[in-house]
Amino acid sequence: MKHPKQSYALITGAGRGLGLAFALECAHRGKSLILLDLDSERLEALRAYVQEQYPIEVITQVVDLTDMEQLEQIVYPLIHNYVVEWLINNAGMGGTARFEDTSPSQLDRLVQLNVRACVLLARAVLPAMLVRQRGLILNIASIAAFAPVPYKMIYPASKAFLLSFTQGLQEEYRDTAICISSVHPGPIWTSFDAARRAMTQGWVGVQTTQTARQIASKSLDAGLRGRRMIIPGWLNKVQYILARLLPTPVYLRLSGGMIKKELADRRRQGLEQNM
Numbered sequence: 104m105k106h107p108k109q110s111y112a113l114i115t116g117a118g119r120g121l122g123l124a125f126a127l128e129c130a131h132r133g134k135s136l137i138l139l140d141l142d143s144e145r146l147e148a149l150r151a152y153v154q155e156q157y158p159i160e161v162i163t164q165v166v167d168l169t170d171m172e173q174l175e176q177i178v179y180p181l182i183h184n185y186v187v188e189w190l191i192n193n194a195g196m197g198g199t200a201r202f203e204d205t206s207p208s209q210l211d212r213l214v215q216l217n218v219r220a221c222v223l224l225a226r227a228v229l230p231a232m233l234v235r236q237r238g239l240i241l242n243i244a245s246i247a248a249f250a251p252v253p254y255k256m257i258y259p260a261s262k263a264f265l266l267s268f269t270q271g272l273q274e275e276y277r278d279t280a281i282c283i284s285s286v287h288p289g290p291i292w293t294s295f296d297a298a299r300r301a302m303t304q305g306w307v308g309v310q311t312t313q314t315a316r317q318i319a320s321k322s323l324d325a326g327l328r329g330r331r332m333i334i335p336g337w338l339n340k341v342q343y344i345l346a347r348l349l350p351t352p353v354y355l356r357l358s359g360g361m362i363k364k365e366l367a368d369r370r371r372q373g374l375e376q377n378m
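Our numbering numbers the first residue of the sequence shown as 104 and each following residue consecutively.
Quick look at the structure:
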């Protein structure tokens with residue numbers, strides 16, 4: 104059953120953090136929502152809050168985007184039956200560890216979520232956007248997309264893929280009215296753990312960290328204006344410039360030093376908890 108009269112923003116990873124902030128920001132702008140996440144309780148709480156605050160429709164769906172069968176049986180029918188005018192490819196995962204300490208299943212899941220799901224969702228929404236000659240695709244990458252980072256290497260590599268993929272889409276569809284952007288946030292104040300990680304990285308970590316709602320608002324504004332690459336926050340822009348100007352070995356040494364501090368702090372926290 105199609106629902107042609109109303110347009111929706113489809114947001115992945117909507118139950119917390121930046122995805123939740125995008126949901127609230129889209130609702131504030133009057134856009135009805137299709138919210139996808141693994142956590143049913145968070146989705147239900149968000150749906151209840153949004154519908155209490157805003158006169159919009161909210162559709163929630165628990166789904167594992169790494170599962171191809173769930174994509175085909177759950178997500179694709181939603182895209183077919185509803186007018187998805189905005190796609191916010193936000194769901195993703197990362198982690199900080201030595202490469203040999205990360206299991207093959209974790210590595211595979213990261214690639215399926217950060218890369219494959221984003222590509223397939225963009226492919227699913229694009230044909231209808233072309234027919235309507237309007238639409239917005241925001242691929243949420245990271246400031247880490249611009250240079251390799253030791254101890255996090257698969258995450259930055261997946262975000263570098265997302266940047267390259269988005270740039271290719273932009274050129275391919277530059278003569279259409281569809282806005283396609285990559286978003287490159289730095290650290291985000293979404294939890295105590297995120298705050299602790301930022302502080303262990305010193306002044307730079309704290310200064311480059313923004314609230315999720317700030318990033319969501321700035322990203323939507325810039326994306327709807329047609330900005331192709333969105334880097335929220337002036338210090339994150341400085342980090343982008345450094346990643347471009349510094350020789351890769353130098354950048355790797357600097358970023359590796361910061362991550363080593365984070366790993367050392369995590370080990371110290373673990374030892375203290377076990378005492």
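Built from N, CA and C at the ideal position, the CB exists for glycine as well.
Between residue i and residue j, what straight-line distance do the alpha-carbon atoms span, to the nearest angstrom?
i, j, result
"L123", "R145", "9 Å"
"A319", "K255", "24 Å"
"I362", "P253", "8 Å"
"A200", "L265", "22 Å"
"I257", "N193", "17 Å"
"D296", "V234", "Any answer about D296 is weak, because its pLDDT of 46 lies below 50 and its placement is not dependable; what the coordinates show is given next. If I take the Cα positions, the gap works out to 44 Å."
"M196", "L210", "10 Å"
Label residue i either buried or exposed according to how many other C-beta atoms from any shown protein chain fall within 10 Å of its C-beta, with 16 as the threshold for buried.
i, result
"W337", "exposed"
"L149", "buried"
"P155", "Note on residue identity: the sequence assigns Glu, not Pro, to residue 155. So E155 ends up on the exposed side."
"A280", "exposed"
"F202", "exposed"
Which residue marks the beginning of the beta strand (DSSP E) containing residue i, and which one marks its end?
i, result
"N192", "185-192"
"N242", "238-243"
"P269", "It should be pointed out that residue 269 corresponds to Thr in this sequence rather than to Pro. Taken as a continuous stretch (DSSP letters only), T269 belongs to no beta strand (DSSP E), being part of the alpha helix (DSSP H) at 257-275."
"D211", "From DSSP, D211 is part of no beta strand (DSSP E) but of the alpha helix (DSSP H) over 207-214."
"D140", "135-140"
Of the residues the options, which one's Cα is nearest the Cα of residue i?
i, options, result
"A315", "I177, F249, M332, V286", "V286"
"E160", "I240, C129, L213, G116", "C129"
"W189", "E203, A112, S267, G133", "A112"
"G120", "I182, P251, Q317, M232", "Q317"
"D278", "R237, K262, A263, K364", "R237"
Quick check: residue i and residue j, are their CB atoms within less than 7 Å of each other?
i, j, result
"I114", "A126", "yes"
"D140", "A117", "yes"
"Q215", "T169", "yes"
"P288", "P335", "yes"
"I243", "I283", "no"
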